[in-house]
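*Asks:*
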Amino acid sequence: MPEITFVQALRDALYEEMRGDDKIFIMGEDVGLGEGAFGVTRGLMREFGSERVKDAPISEAAIVGAGVGAAMTGTRPVVEIMFGDFLSVAFDEVYNKAAKWRYGHGGQFRIPMVIRSAFGHRAGNSMEHSQCPEAVFMHSPGIKIVAPSTPYDAKGLLKSAIRDDNPVLFFEHKQLYRIKGEVPEEEYTLPIGVADVKRKGTDVTIVAWSLMVHKALEAADVLAGEGINAEVVDLRTIAPLDKEAVLNSVASTHRLVIVEEPNKTGGVGGEIAAIVAEEGFELLDAPIMRVASLDVPIPYSRVLEEYVLPSVERIIDAVKTICTY
Amino acid sequence: MRYEVALPAIGYAEEGTIEEWLVNEGEYIAKGKPLLIINTEKSAIEIESPADGYLHILTDPGTTVPVGTVIGILYESRDEIGRETKDAGPSEKRVFVTPAARSLAEKEGISLDELIKNSDKKRIGTRDVEEFLSKLRKQGEVPDKKLCVESPEGIPLTPMRKTIARRLVRSLQESAQVTAITEIDVSELVKLRDRTGLKKGNGKKTSWNAIFMKAIASAVGEHPILNSQLIDEKVYVFSTVAMGFAIDLPDGLVVPVIRNVEALEIEELDKRLVECVEKARTGQLSAGDMDGGTITFSNAGMYEVDFFTPILNPPQTAIVGVGKIRPVPRVIGEGIAIRQVVYISLTYDHRVLDGAEASRFLTTLKRFLEKEHGAFGLKV
């Protein structure tokens, strides 16, 4: 199986889907002539022309809003919001329009739109270019949220997102764009809403998604050397959340650590912890632990950034705390 | 002022289950009014309040406690309830059992109390339960549920089986049981019995149970020590024979007692046995019907059983078991003849009598059954 980068996997997904369905078009800042701030749309304008790969003005509200309108009228837009932080500018368009209009209008139309966005911290990008806003949008019923951790998952899930008749927020971690992974040459898709066990284990479940899956796997390697066998569950999709996968894993390990990149308070981790407390109380041998960013804006200083964000060491500490409970 | 309500003794039952309190916590009840319902292995019984007072419940419904346990308190005034502090007792260690461990223990049917007693941990997790479970498995105290054909949770003993189990184990633990067996030639008795049917005109023969029980009662007349009870190192020998009669029911064994067997006409005894079996099968036997036996009779003759070793029914000192009557070749004089033969087993308490007396009893019984049929009232 050939190894390709995460960014290549995304680009391949876009190529394949656009070749197969001429209703699909791309719109966003610098996606055409600029070939995407992170290079995801490289070559697409040359291949599909400026009608299907549109450069948009610097107005996130306009980009998402136009996408919703286009989707309602029968096309399948894949819009790009360069940084996840900027989704706040298009908050109403995502949170109210994209997520709720199909429901609000009695199902008269569909909104088959994908909103791709790069998120997460990278090299001191600071507070407005480092955030992960998945928890905010998870609170709005009607929108699916995907955040893959590997090139294989990224390609399969982006293809499914494009084919989905409902809006999908698709988060790509900046630090993952350059990682490589095996991706089959033949056609495949992955279902949205299904988590994946990235490492089997018996002693503790670590739930993570996107970049944090890699941190969790690193922590699991260290822990294995100390006799603690951690299972790493990659959610892959935040909404709908695959709670069965989490509960099944906890049923065999009886311990749960949730690792998430954004601030701890009001996060996805709190939601997962609540689900396990409600539906899996009798599965637990120890308190549930969350490893997340400290409740401060992501600092510009690299030293402070490292201090604030979840680290492999903090994951290891959390695991050990509940394994010796 | 307080009055302690203790679980009363009901018949033979050594423990009872609180079925239902008929008065709520803190409510007033007058002496003699129905207070609660207790379940013994035999029946549910309504218990009257032994005094006036406001009730404080100590034992919840569904709990089984030994006779004599204080299950509630009646106070003169409602204010007294809860004022008494419970005995602190030895300082109890507080152990936290995790939800997963609790759930696993319940699934596997492990007693958390036992686990906690056997652990020095402050927290019990699934791993502790698993370790305890594997220890119990090694000791053979917990079955491998995967191998169970049905009810992997185990089939709980019914109250009746629990009573049987408790009494029989106690019997074997607390007495010195010896079984002596003799072969009896009942060929003549078989012929005689056939004629009892003809005599009555309805073809209904006198039952073997009645015949054997009468014969035993008559033999006991010559060896009264076998008709006795041993209680607190004293032997009580009785003048009349109250003979326990083992009846097999779907739930287990019951042993109603037929009184004055020595004085009953054999046909009257037969009638009583039929009534007794009917009562047993319809669940109408009372505790009183099973009280006070002085000797017991157990018949396995309807099965392919030649002989067996019955277990004493304490405080009785003897039990007689009978196997199947079958034709066998036997030496008669110089020749061999086909004879109807049965084995009779006598289990006796060696603390009370020795082998010689037991043998003499069997010899008498043999004589009666083989030759002196009139001695126990079988006449045609």
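Line by line, the protein sequences are chains A and B.
In terms of our numbering, the first sequence opens at residue 2 and continues consecutively.
In terms of our numbering, the second sequence opens at residue 23 and continues consecutively.
Every residue, glycine too, gets a C-beta built ideally from N, C-alpha and C.
In the DSSP assignment, find the beta strand (DSSP E) that holds Pro142 of chain A and state where it starts and stops.
*Replies:* Along the first sequence, read from residue 1 onward, the residue named residue 142 of chain A stands at position 141. Note, Pro142 of chain A: premise wrong, no beta strand (DSSP E); not H, not E.
*Asks:* Phe398 of chain B and Ala285 of chain B: beta carbons closer than 8 Å?
*Replies:* Here residue 398 of chain B is taken as the residue at index 376 of the second sequence, counted from 1. Here residue 285 of chain B is taken as the residue at index 263 of the second sequence, counted from 1. No, they are not a contact pair.
*Asks:* Please list, in chain order, the chain B residues whose beta carbon lies closer than 8 Å to that of Phe282 of chain A.
*Replies:* As a first step, residue 282 of chain A is located in the first sequence; it is residue number 281 there, counting from the start. Chain B residues near Phe282 of chain A: Pro121.
*Asks:* For Gly147 of chain B, which residues in the same chain have their Cβ closer than 6 Å to its Cβ, ignoring the five residues on either side in sequence?
*Replies:* By 1-based counting over the second sequence, the position of residue 147 of chain B is 125. Around Gly147 of chain B: Thr120 and Ala123.
*Asks:* From the DSSP secondary-structure annotation, give me the bridge partner or partners of Pro88 of chain B.
*Replies:* As a position in the second sequence, residue 88 of chain B is number 66, starting the count at 1. DSSP, once it has assigned bridges, lists B:Glu37 as partnering Pro88 of chain B.
*Asks:* By Cβ distance below 7 Å, which residues in the same chain neighbour Phe390 of chain B in space, the five residues on each side in sequence not counted?
*Replies:* Here residue 390 of chain B is taken as the residue at index 368 of the second sequence, counted from 1. Once the five neighbours on either side are set aside, the close Cβ partners of Phe390 of chain B are Ala237, Ser240, Ala241, Ala397 and Phe398.
*Asks:* Please determine if the stretch 155-171 of chain B and the stretch 123-135 of chain B are in contact, where contact requires at least 3 C-beta pairs separated by less than 8 Å.
*Replies:* yes
*Asks:* Which of helix, strand or coil does DSSP assign to Ile67 of chain B?
*Replies:* Working through the second sequence from its first residue, we reach residue 67 of chain B at position 45. Strand, per DSSP.
*Asks:* Throw me the rounded Cβ distance for the Val79 of chain A and Ile27 of chain A pair, which I believe falls under 8 Å.
*Replies:* Here residue 79 of chain A refers to the residue found at position 78 of the first sequence. Here residue 27 of chain A refers to the residue found at position 26 of the first sequence. About 5 Å; that satisfies the 8 Å criterion.
*Asks:* Provide the residue(s) that pair with Thr76 of chain A in DSSP beta bridges, ordered along the chain.
*Replies:* By 1-based counting over the first sequence, the position of residue 76 of chain A is 75. Paired residue(s): none; Thr76 of chain A is not in a bridge.
*Asks:* Measure from the alpha carbon of Asp270 of chain B to the alpha carbon of each residue in B:Leu291, B:His78 and B:Ala302, then state which is nearest.
*Replies:* Against the second sequence, residue 270 of chain B aligns to sequence position 248. Checking every option, the nearest Cα to that of Asp270 of chain B belongs to B:Ala302.
*Asks:* What's the gap between the Cα of Asp166 of chain B and the Cα of Glu136 of chain B?
*Replies:* Taking the second sequence and counting its residues from 1, the one referred to as residue 166 of chain B is at position 144. Taking the second sequence and counting its residues from 1, the one referred to as residue 136 of chain B is at position 114. Going from the Cα of Asp166 of chain B to the Cα of Glu136 of chain B covers about 19 Å.
*Asks:* Kindly say whether Leu285 of chain A, judged by its beta-carbon, lies nearer than 8 Å to any beta-carbon of chain B.
*Replies:* Within the first sequence, numbered from 1, the residue matching residue 285 of chain A stands at position 284. At least one chain B Cβ lies under 8 Å of Leu285 of chain A.
*Asks:* Mind listing which residues of the stretch 127-141 of chain B have their C-beta closer than 8 Å to chain A's C-betas, in chain order?
*Replies:* none
*Asks:* At which residues does the alpha helix (DSSP H) containing Val309 of chain A begin and terminate?
*Replies:* What you label residue 309 of chain A is simply residue 308 of the first sequence in a count that begins at 1. Val309 of chain A -> alpha helix (DSSP H) spans Arg303 to Val309.
*Asks:* So, do the stretch 229-243 of chain A and the stretch 194-206 of chain A have three or more beta carbon pairs nearer to each other than 8 Å?
*Replies:* Yes: at least three Cβ pairs fall under 8 Å.
*Asks:* So Val279 of chain B and Gly314 of chain B are in contact, right, with Cβ under 8 Å, and what is the actual spacing, rounded?
*Replies:* The residue you call residue 279 of chain B lines up with position 257 of the second sequence. The residue you call residue 314 of chain B lines up with position 292 of the second sequence. At roughly 6 Å, the Cβ-Cβ gap stays under 8 Å, so Val279 of chain B and Gly314 of chain B are in contact.
*Asks:* Which bits of chain A does Ser125 of chain B rub up against, with CB to CB less than 7 Å?
*Replies:* Position 103 of the second sequence, counted from the first residue, corresponds to residue 125 of chain B. Going along chain A in sequence order, the residues near Ser125 of chain B (Cβ under 7 Å) are Glu283.
*Asks:* Distance check for Ile347 of chain B and Ser320 of chain B, CA to CA, integer angstroms please.
*Replies:* If you number the second sequence from 1, residue 320 of chain B lands on position 298. If you number the second sequence from 1, residue 347 of chain B lands on position 325. Looking at the two C-alpha atoms, the distance is approximately 14 Å.
*Asks:* Assuming the contact rule is C-beta atoms closer than 8 Å, Arg291 of chain A and Ala278 of chain A should be a hit. Round their C-beta distance to whole Å, please.
*Replies:* In the first sequence, residue 291 of chain A corresponds to position 290, counting from 1. In the first sequence, residue 278 of chain A corresponds to position 277, counting from 1. By a beta-carbon distance limit of 8 Å, Arg291 of chain A does not contact Ala278 of chain A. Their separation comes to about 12 Å.
*Asks:* Please confirm if Arg116 of chain B has its CB atom under 8 Å from at least one CB of chain A.
*Replies:* As a working mapping, residue 116 of chain B is identified with position 94 in the second sequence. Using a Cβ-Cβ cut-off of 8 Å, Arg116 of chain B does not count as an interface residue toward chain A, since no Cβ of chain A sits closer than that to its own.
*Asks:* With 16 as the cutoff for other CB atoms within 10 Å, does Leu169 of chain B come out buried or exposed?
*Replies:* Your numbering for residue 169 of chain B matches position 147 in the second sequence. Classification for Leu169 of chain B: exposed.
*Asks:* Hey, is Arg188 of chain B's beta-carbon within less than 8 Å of any beta-carbon in chain A?
*Replies:* If you number the second sequence from 1, residue 188 of chain B lands on position 166. At a cut-off of 8 Å, the C-beta of Arg188 of chain B has no neighbouring C-beta in chain A.
*Asks:* Taking a contact to mean a Cβ-Cβ separation below 8 Å, would you say Val363 of chain B touches Glu205 of chain B in this structure?
*Replies:* Within the second sequence, numbered from 1, the residue matching residue 363 of chain B stands at position 341. Within the second sequence, numbered from 1, the residue matching residue 205 of chain B stands at position 183. Taking 8 Å as the cut-off, the beta carbon of Val363 of chain B is found closer than this to the beta carbon of Glu205 of chain B.
*Asks:* At the level of alpha carbons, what is the spacing between Thr190 of chain A and Trp210 of chain A?
*Replies:* As a working note, residue 190 of chain A is residue 189 in the first sequence. As a working note, residue 210 of chain A is residue 209 in the first sequence. Using only the alpha carbons, I get a separation of about 18 Å.
*Asks:* Do Lys265 of chain A and Ser294 of chain A have their beta-carbon atoms positioned less than 8 Å apart in this structure?
*Replies:* As a working mapping, residue 294 of chain A is identified with position 293 in the first sequence. As a working mapping, residue 265 of chain A is identified with position 264 in the first sequence. Yes.
*Asks:* Could you check what DSSP says for Gly50 of chain A in three-state terms: helix, strand or coil?
*Replies:* Position 49 of the first sequence holds residue 50 of chain A. Note: Gly50 of chain A maps to coil in three-state DSSP.
*Asks:* When the Cα of Phe7 of chain A is compared with those of A:Gly50, A:Phe172 and A:Ala99, which residue comes out closest?
*Replies:* Within the first sequence, the letter at position 6 stands for residue 7 of chain A. Here the closest residue by C-alpha is A:Phe172.
*Asks:* For the beta strand (DSSP E) containing Thr62 of chain B, list its first residue and its last residue.
*Replies:* In the second sequence, the residue the question calls residue 62 of chain B occupies position 40. Note, Thr62 of chain B: premise wrong, no beta strand (DSSP E); not H, not E.
*Asks:* Name the residues in the stretch 240-271 of chain A whose C-beta lies less than 8 Å from a C-beta of chain B; which are they?
*Replies:* His255
*Asks:* Which whole-angstrom value describes the C-beta separation of Phe267 of chain B and Leu295 of chain B, a residue pair presumed to lie in contact below a C-beta threshold of 8 Å?
*Replies:* Start at 1 with the first residue of the second sequence, and residue 267 of chain B comes out as number 245. Start at 1 with the first residue of the second sequence, and residue 295 of chain B comes out as number 273. That belief holds up - the Cβ atoms of Phe267 of chain B and Leu295 of chain B are roughly 7 Å apart, short of 8 Å.
*Asks:* Just verifying my parser: in three-state terms, what is the DSSP assignment at Leu13 of chain B?
*Replies:* Because chain B spans 23 through 402 in this model, residue 13 of chain B falls outside it and cannot be assessed.
*Asks:* Using a cut-off of 8 Å between C-beta atoms, extract the partners of Lys145 of chain B located in chain A.
*Replies:* In the second sequence, residue 145 of chain B corresponds to position 123, counting from 1. The question names Lys, but residue 145 of chain B in the sequence shown is Arg. What Arg145 of chain B touches in chain A: Tyr326.
*Asks:* For Ile186 of chain B, tell me which candidate among B:Leu29, B:Leu400 and B:Leu334 has the shortest Cα-Cα distance.
*Replies:* For this step, residue 186 of chain B is matched to residue 164 along the second sequence. Ile186 of chain B has its Cα closest to that of B:Leu334, out of B:Leu29, B:Leu400 and B:Leu334.
*Asks:* Which bits of chain A does Thr148 of chain B rub up against, with CB to CB less than 7 Å?
*Replies:* Counted from its first residue, the second sequence places residue 148 of chain B at position 126. Residues of chain A passing the Cβ test: His255 and Asp286.
*Asks:* Excluding five sequence neighbours on each side, which residues of the same chain lie with their C-beta closer than 7 Å to the C-beta of Pro337 of chain B?
*Replies:* The sequence position of residue 337 of chain B within the second sequence is 315, counting from 1. Excluding residues within five positions, the ones whose Cβ falls inside 7 Å are Gln251, Leu252 and Ile253.
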